[in-house]
Amino acid sequence: METTFSEYFPYVHHAASRPATVRDGADGRRHPVVVAGGGPTGLALALGLSIHGVPVVVLEADDTVCSGSRAGAFTRRTFEILERLGIVGQVMADGLGWRTGWTYWRDREVFRFDMPHDENQKYPPAISHLQNWIEQLMVEEAGRRGDIDIRWQSRVAGLAQDSAGVRLEVASPAGDYALQADWVVACDGGRSTVRGLLGLPMTGMRYEGRYVIIDVRMDTEGLPAGRRCWFDPPSKPGGTLLMYKKPNGMVRFDYQLNEEDDEALEMQPERVFAQVDAHLRMLGLARKWEPVWMSLYRASALTLERYLHGRVLFAGDAAHLVPIFGVRGMNSAVDDAHNLAWKLAYVARGLAQPALLETYSAERVYAARENHRYAMKGAEFMAPPSRPFRLMRDAVLSLAERHPALAQLANPRQHSAIPLAASPLNAFPERSAGFAAGPAPGWILPECPLRHAGRDTHLTSLLGPHFTAFWFGEADAAPRIETPLPLEVVAIPPAEDVTGRLYPLYGAVPGTLYLVRPDGHVLARWRQAAPAEIAAALARARAPAPATA
Amino acid sequence: MNAQELDEAYTRLCYALTDAGESRTPMILARLALLLMQEVGDAARIGRAIDAALAEPPRA
Ligand SMILES: Cc1cc2nc3c(=O)[nH]c(=O)nc-3n(C[C@H](O)[C@H](O)[C@H](O)COP(=O)(O)OP(=O)(O)OC[C@H]3O[C@@H](n4cnc5c(N)ncnc54)[C@H](O)[C@@H]3O)c2cc1C
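These protein sequence lines are chains E and U, in that order. The first sequence: position 93 = 143 (my numbering), numbered continuously. The second sequence: position 59 = 60 (my numbering), numbered continuously.
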């Protein structure tokens with residue numbers, strides 16, 4: 051249930067394309083990777099594959115980016131990934147960075163939280179933005195890369211696979227055709243056609259919370275950027291309402307429907323507009339506004355049990371659905387794409403065994419379950435599932451102002467990168483045990499400024515589409531590592547730690563080495579680098595032991 | 002806390018809840034539970050107390 055009142059920006063509508071290689075109803079070219087669905091997951095994956103040297107076909111049913119903005123809040127980890135995808139500058143140019151959340155109970159502010167932030171960071175902890183605008187920037191970047199073939203108005207309608215590859219049926223106004231691929235990645239969203247064609251069930255909680263979301267255009271002068279959340283406000287007695295300032299003079303409201311509320315009635319525009327008016331009146335904001343888009347969002351916490359099925363992989367909403375609280379939908383989808391891009395690229399290029407793809411499934415199923423755990427906690431507080439839940443929640447709110455320690459229970463637990471503590475890729479954990487600080491195998495890199503090769507930069511800016519060995523020491527003493535995998539050794543002599551914070555943050559001494567995956571997760575670390583073990587860790591990443599589960 | 006003090010605290014709570022009325026009693030007890038969790042500050046002891054509170058009372 052979605053209504054677009056006016057476009058967020060002029061959408062580019064793409065013609066149905068039928069590639070020249072199609073003859074007699076079949077694409078004569080066999081493709082290493084075909085991505086089904088060109089939403090944020092499919093586009094991020096296509097960019098990642100291209101960056102890792104694999105050309106890709108994207109089949110997208112629609113003729114443009116998503117019409118509503120949907121996801122509106124993005125987290126620091128997502129920006130690190132968008133940086134790797136080459137579009138962070140343009141995204142940041144329009145985003146609104148923030149770090150504060152305000153919680154109101156009735157008409158009083160009872161609690162304020164600041165998301166973790168410090169002088170080491172390159173990006174703010176959260177950014178308000180528009181999903182469709184980020185998609186548009188991804189589409190433009192895909193065009194610039196040259197080896198990403200987005201086929202608009204091309205719907206996957208059938209699928210057959212054997213051990214050698216996948217055959218897809220594509221339906222398009224320009225003519226239906228079949229297409230062969232070595233690997234297919236289903237990024238076709240919450241109602242995934244591919245999931246349906248394979249008959250794969252999702253498991254978890256179909257938690258029937260329903261939320262009305264509306265974006266409006268208005269003068270946002272003086273409004274703070276951040277998350278503002280009201281419990282039981284005079285503008286919506288008994289309910290919960292969230293308000294976010296968005297870029298380009300917009301504001302998002304979202305609020306929950308009660309169990310007995312009739313969806314069709316509540317989604318009548320006049321009804322939703324009256325709620326917006328009531329809330330703005332309560333805030334003393336007698337400003338003119340116009341609606342842009344509104345929609346109904348259902349909360350579920352569902353996932354496939356595995357994301358690898360023969361030669362078909364799943365990512366984003368096609369793989370898992372998360373409740374709205376904690377902004378995990380698109381943020382975790384982009385994380386999926388980033389985890390998968392290098393693995394699939396290395397397998398497609400023959401650099402690694404297909405078993406590497408099993409680790410994608412294991413790691414991201416684990417992340418989805420962690421996301422569910424956090425999101426359900428948030429949902430239970432925002433939308434209590436029973437009367438006792440509501441009683442205890444209200445008790446917390448009534449005490450929050452005077453008892454900040456209890457107010458922690460109201461913290462919305464926004465998305466952050468899930469540490470892959472039990473990943474099958476993590477190597478030499480016994481070496482990691484000797485560190486007093488720093489990220490263990492499976493964690494991502496804490497940010498830190500440094501002066502490298504004569505330039506002021508940040509540690510994560512030194513990552514690239516390859517494994518990275520951060521060698522804490524002088525360049526001429528760096529170990530030489532033999533591996534067929536793309537690897538760069540980056541030497542960080544003590545003199546480059548200009549703030550004096552980097553070495554301690556990583557528990558590093560001269561001779562320490564962190565081996566980091568192309569997706570920024572630590573693979574292994576050594577207080578004193580052991581070149582033979584480094585080579586062994588990389589060899590294991592090329593050919594991980596097949597999963598036993 | 003000696004027996005006398007316990008008795009006084011108990012009686013004060015009973016009177017206070019009676020004054021507040023039945024409809025406000027659950028909220029006051031919920032607030033009290035949260036505040037006492039803070040005071041106790043020991044997850045294991047709180048856990049044992051929750052278990053004890055949940056145990057089926059002996060039938061009269
Ligand atoms: C109404 C709504 C509101 C939301 N609000 C928020 C929010 O506030 N915050 C948040 O973090 N997340 C939110 N989400 C979730 C977020 O939008 C999703 O997590 C995100 O879009 C997932 O991206 P995706 O690429 O996996 O799927 P999608 O964005 O759904 O993209 C799937 C793409 O596949 C295409 N497709 C579908 N079927 C086929 C087919 N058979 N063949 C070819 N292409 C196909 C579709 O056209 C679409 O472009 C919301 C979602 C919805 C639906």
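Glycine included, C-beta positions come from ideal geometry on N, C-alpha and C. Note that the coordinates shown come from a computational prediction; the quantities given were computed from them, not determined experimentally.
Give the DSSP-derived three-state secondary structure of residue i in the structure shown.
| i | result |
| --- | --- |
| U:Ala-53 | helix |
| E:Pro-341 | strand |
| E:Gln-306 | strand |
| E:His-502 | strand |
| E:Leu-495 | coil |
| E:Val-415 | helix |
| E:Trp-202 | coil |
| E:Cys-116 | coil |
| E:Leu-224 | Correcting the residue type first, residue 224 of chain E is Ala in the shown sequence and not Leu. If DSSP states are grouped into helix, strand and coil, E:Ala-224 belongs with coil. |
| E:Glu-546 | helix |
| E:Val-141 | helix |
| E:Ile-264 | strand |
| E:Phe-55 | coil |
| E:Tyr-257 | strand |
| U:Ile-47 | helix |
| E:Met-188 | helix |
| U:Met-28 | helix |
| E:Ala-599 | Its pLDDT being 44, under 50, E:Ala-599 is placed unreliably in this model, and the coordinates cannot settle the point. |
| E:Arg-68 | coil |
| E:Arg-551 | coil |
| E:Val-234 | strand |
| E:Asp-312 | coil |
| E:Ile-177 | strand |
| E:Pro-534 | coil |
Output, in chain order, the set of chain U residues within a Cβ distance shorter than 8 Å of residue i.
| i | result |
| --- | --- |
| E:Val-446 | Leu-35 |
| E:Leu-449 | Arg-32, Leu-35 and Leu-36 |
Would you mind giving the Cβ-Cβ distance between residue i and residue j, rounded to the nearest angstrom? I have them listed as a contact below 8 Å.
| i | j | result |
| --- | --- | --- |
| E:Leu-248 | E:His-81 | That pair is no contact at about 19 Å. |
| E:Thr-507 | E:Leu-495 | Between E:Leu-495 and E:Thr-507 the Cβ distance is about 13 Å, and since that is not below 8 Å, they are no contact. |
| E:Phe-281 | E:Thr-270 | Their Cβ separation, rounded to whole angstroms, is 23 Å, which puts E:Phe-281 and E:Thr-270 out of contact at 8 Å. |
| E:Arg-501 | E:Trp-576 | So it is not a contact: roughly 24 Å between Cβ atoms. |
| E:Ile-263 | E:Tyr-347 | 6 Å |
| E:Lys-295 | E:Pro-274 | 7 Å |
Using a C-beta to C-beta distance shorter than 7 Å, which residues of chain E count as neighbours of residue i?
| i | result |
| --- | --- |
| U:Ala-31 | Leu-441, Met-442 and Ala-445 |
Find the residues of chain E that neighbour residue i, judging by a C-beta separation of less than 8 Å, and give them in chain order.
| i | result |
| --- | --- |
| U:Gln-39 | His-453, Ala-455 and Leu-456 |
I want to verify the contact list: residues of chain E whose CB lies under 9 Å from the CB of residue i, in sequence order.
| i | result |
| --- | --- |
| U:Met-28 | Leu-441, Asp-444, Ala-445 and Ser-448 |
Under the criterion of a Cβ to heavy atom distance below 6 Å, does residue i qualify as lining ligand 3?
| i | result |
| --- | --- |
| E:Leu-358 | Among the ligands in the structure shown, ligand 3 does not appear; only ligand 1 can be found there. |
Hey, does residue i have any beta-carbon neighbour from chain C nearer than 7 Å?
| i | result |
| --- | --- |
| E:Leu-449 | The displayed structure is made up of protein chains E and U, and chain C is not among them. |
Is it a yes or a no for the stretch 54-66 of chain E touching the stretch 329-347 of chain E, going by three-plus beta-carbon pairs under 8 Å? Note that the stretch 54-66 of chain E touches the stretch 329-347 of chain E; at least 3 beta-carbon pairs, one per stretch, sit closer than 8 Å.
Check whether the stretch 406-422 of chain E and the stretch 364-377 of chain E touch, using three or more Cβ-Cβ pairs below 8 Å as the test. These segments touch.
Touching or not, the stretch 460-478 of chain E and the stretch 121-134 of chain E, by the rule of three or more beta carbon pairs under 8 Å? Taking a cut-off of 8 Å on C-beta distances, the stretch 460-478 of chain E touches the stretch 121-134 of chain E, as three or more cross pairs fall below it.
Say whether the stretch 236-245 of chain E touches the stretch 195-214 of chain E, bearing in mind that this needs 3 or more beta-carbon pairs closer than 8 Å, one atom from each stretch. Counting C-beta pairs closer than 8 Å gives three or more between the stretch 236-245 of chain E and the stretch 195-214 of chain E, which meets the contact rule.
Are at least three pairs of beta-carbons, each pair with one atom in the stretch 107-116 of chain E and one in the stretch 78-97 of chain E, less than 8 Å apart? As far as the Cβ criterion goes, the stretch 107-116 of chain E touches the stretch 78-97 of chain E, which means the pair count is three or higher.
Three Cβ pairs or more, each shorter than 8 Å: is that satisfied between the stretch 437-444 of chain E and the stretch 24-41 of chain U? The answer is yes - the stretch 24-41 of chain U touches the stretch 437-444 of chain E, with three or more Cβ pairs under 8 Å.
Would you check if the stretch 166-186 of chain E and the stretch 303-322 of chain E touch, i.e. whether three or more CB-CB distances between them fall below 8 Å? By the Cβ criterion, the stretch 303-322 of chain E is not in contact with the stretch 166-186 of chain E, since fewer than three pairs of Cβ atoms, one from each stretch, lie closer than 8 Å.
Would you be able to state if there are at least three C-beta pairs under 8 Å between the stretch 186-193 of chain E and the stretch 311-319 of chain E? Cβ pair count under 8 Å is below three, so no.
At a cut of 8 Å, does the stretch 158-175 of chain E reach the stretch 445-454 of chain E through at least three beta carbon pairs? With a cut-off of 8 Å, the stretch 445-454 of chain E and the stretch 158-175 of chain E count as touching, because enough Cβ pairs lie within range.
The stretch 474-493 of chain E touching the stretch 586-598 of chain E, judged by at least three CB pairs closer than 8 Å: Touching, yes.
Give a yes or no on contact between the stretch 325-340 of chain E and the stretch 399-414 of chain E, applying the rule of three or more CB pairs nearer than 8 Å. Output reads no: the stretch 399-414 of chain E does not touch the stretch 325-340 of chain E.
Does the stretch 456-463 of chain E come close enough to the stretch 41-60 of chain U that 3 or more CB-CB pairs lie under 8 Å? With the cut-off at 8 Å, the stretch 41-60 of chain U and the stretch 456-463 of chain E do not touch.
Say whether the stretch 93-100 of chain E touches the stretch 384-398 of chain E, bearing in mind that this needs 3 or more beta-carbon pairs closer than 8 Å, one atom from each stretch. Judged by Cβ distances under 8 Å, the stretch 93-100 of chain E makes contact with the stretch 384-398 of chain E, as three or more pairs qualify.
Mind the definition here: the stretch 214-234 of chain E touches the stretch 345-363 of chain E only if three or more C-beta pairs lie below 8 Å; say whether that holds. Touching, yes.
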